[in-house]
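Note that the sequence shown ends on residue 335 in the numbering used here; no numbers are left out. We put the beta carbon where it would ideally sit given N, CA and C, even for glycine. Computed from a prediction, not measured in an experiment: that's the story for all the values here. All remarks here apply to the structure that follows.
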Amino acid sequence: MKMLEGAHRRYNPLQDEWVLVSPQRMRRPWQGEVERSSPPPAPPYDPQCYLCPGNARVGGTRNPAYAGVYIFDNDFPALQAAGGGEVDDGLLRAQPEAGVCRVICYTPRHDLTMAAMPQATIAAVAAAWAEETRTLMARPGIRSVMVFENRGAMMGSSNPHPHGQIWANACLPNVLARELEQQAAYFTRRGECLLCAYLAQERARGERIVAANDGFVALVPYWAIWPFETMVLPVAHQGRLDELSDAGREQLADILQRLLAKYDRLFETAFPYSMGFHQAPAAAPPGWHLHAHFLPPLLRSATVRKFMVGYELMAMPQRDLTPEAAAARLREL
Ligand code: H2U
Ligand code: ZN
């Protein structure tokens with residue numbers, strides 16, 4: 003397949019969108035932000051941390067002296083049991099939105115990162131994600147479960163303690179709604195799953211693959227927007243985290259650990275990102291393939307990030323570094 007060396011746009015089949023790629027701009031001079039040194043390492047237990055075992059949270063509830071994964075209802079949930087009526091007044095429309103918000107602490111250790119956790123600990127986190135998915139999807143009125151994480155102050159994470167969030171909605175969030183439409187349409191047209199077909203193409207070519215084992219692949223998507231964006235997906239067709247076997251969760255843990263270790267090594271820093279698992283919603287038509295997106299903001303060092311501003315906000319996303327070059331750098335680490 004041809005690699006385009008000049009400005010071109012690439013198609014994102016999951017979102018039915020285009021991204022502008024400008025490899026020729028990699029040669030331009032840089033006079034922006036410069037590097038600062040990273041903060042001192044965190045202690046294993048922080049008496050001020052609202053997520054550490056035994057500590058009080060902001061709302062007053064005290065965390066138990068937990069030893070493994072610990073999950074609680076968010077004290078400041080963005081979603082709650084829905085109330086009130088609709089607004090349907092011409093172009094002014096609003097609807098109540100019901101849901102649940104949970105917080106998941108991966109480990110009692112304040113100082114650990116996923117890259118530094120034993121693989122069994124990550125597999126236990128994956129088992130907790132699966133169990134939360136199963137129980138939340140079984141609740142009446144819940145259509146989808148989003149397992150996600152904001153890591154690092156740059157991405158808005160409130161606390162360095164390793165943790166993530168789980169939000170479950172009554173309606174499909176925008177990004178999932180578009181993915182559902184696209185995956186279902188591809189399945190109807192081609193009789194196979196979009197991401198199964200994409201994975202087969204990527205595995206045959208190899209140039210965007212960052213890490214792989216028998217069950218999972220981490221790759222830089224052909225249509226990536228963020229400089230070091232990746233997608234993690236199971237090789238076998240699965241729709242949700244609670245469909246993974248014990249072995250599948252271990253393979254996922256292995257891939258996450260390797261990917262995150264590469265990220266941390268890239269700029270010798272605790273690599274910030276937003277990540278989330280896109281799981282099949284309730285009553286999804288055939289064709290939904292479980293996957294996670296990692297969207298990290300860093301561009302060229304621990305402090306120099308890509309901003310989604312100007313043309314990106316007003317027109318379309320744009321990148322200079324090619325996905326192939328980003329994948330090669332991550333693969334080699
Ligand atoms: P982030 O670091 O991704 O912001 O997640 C932390 C979540 O923890 C955040 O949604 C919740 C915040 O509402 N939280 C509590 O539920 N209790 C607290 O005592 C502080 C923070
Ligand atoms: Zn802590």
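Quick one: measure Cβ to Cβ for residue i and residue j, integer angstroms, because I've assumed they're closer than 8 Å.
i      : j      : result
Leu81  : Trp169 : 6 Å
Trp290 : Arg12  : Contact flag wrong, Cβ pair sits at about 23 Å.
Gly154 : Pro45  : That belief does not hold up - the Cβ atoms of Gly154 and Pro45 are roughly 18 Å apart, past 8 Å.
Leu300 : Phe230 : 7 Å
Met148 : Gly278 : 6 Å
Gly241 : Leu292 : 6 Å
Gln203 : Arg104 : In fact, because the Cβ distance is near 36 Å, the residues do not count as touching under 8 Å.
Trp20  : Met318 : 6 Å
Ala213 : Gly143 : Actually they do not touch by this definition, with Cβ atoms about 38 Å apart.
Asp77  : Gln184 : So it is not a contact: roughly 36 Å between Cβ atoms.
Terminal residues of the continuous beta strand (DSSP E) containing residue i?
i      : result
Ala236 : Residue identity differs from the one stated: residue 236 is Pro in this sequence, not Ala. From DSSP, the beta strand (DSSP E) with Pro236 extends over Thr232 to Pro236.
Ala220 : Phe218 to Leu221
Leu94  : Leu94 to Ala96
Phe150 : Ser146 to Arg153
Tyr72  : Tyr72 to Asp75
Ile124 : No beta strand (DSSP E) contains Ile124, which is instead part of the alpha helix (DSSP H) from Gln121 to Met139.
Say the cut is 6 Å; is the CB of residue i nearer than that to a heavy atom of ligand 2?
i      : result
Cys103 : no
Note the first and the last residue of the continuous alpha helix (DSSP H) segment covering residue i.
i      : result
Gly250 : Asp248 to Leu268
Glu334 : Pro325 to Glu334
Glu7   : From DSSP, Glu7 is part of no alpha helix (DSSP H); its letter is neither H nor E.
Cys198 : Leu196 to Arg207
Ala186 : Asn176 to Arg192
Could you check whether the Cβ of residue i sits closer than 6 Å to any heavy atom belonging to ligand 1?
i      : result
Phe279 : no
Arg59  : yes
Ser276 : no
Phe1   : In the structure as shown, the chain begins at 3 and stops at 335. Residue 1 is therefore absent and cannot be evaluated.
Asn171 : no
Asn152 : yes
Asn76  : yes
Ser247 : no
Ser159 : yes
Taking 7 Å as the CB-CB cut-off, is residue i touching chain C?
i      : result
Tyr188 : Considering every chain present, this structure includes no chain C. It has just one protein chain.
When a residue counts only if its C-beta is closer than 6 Å to some heavy atom of ligand 2, which residues count, in chain order?
Asp48, Cys51, Leu53, Cys54, His112 and His163
Taking the runs of the beta strand (DSSP E) that are 3 residues or longer, which of them lie wholly in the region 277 to 313?
293 to 297
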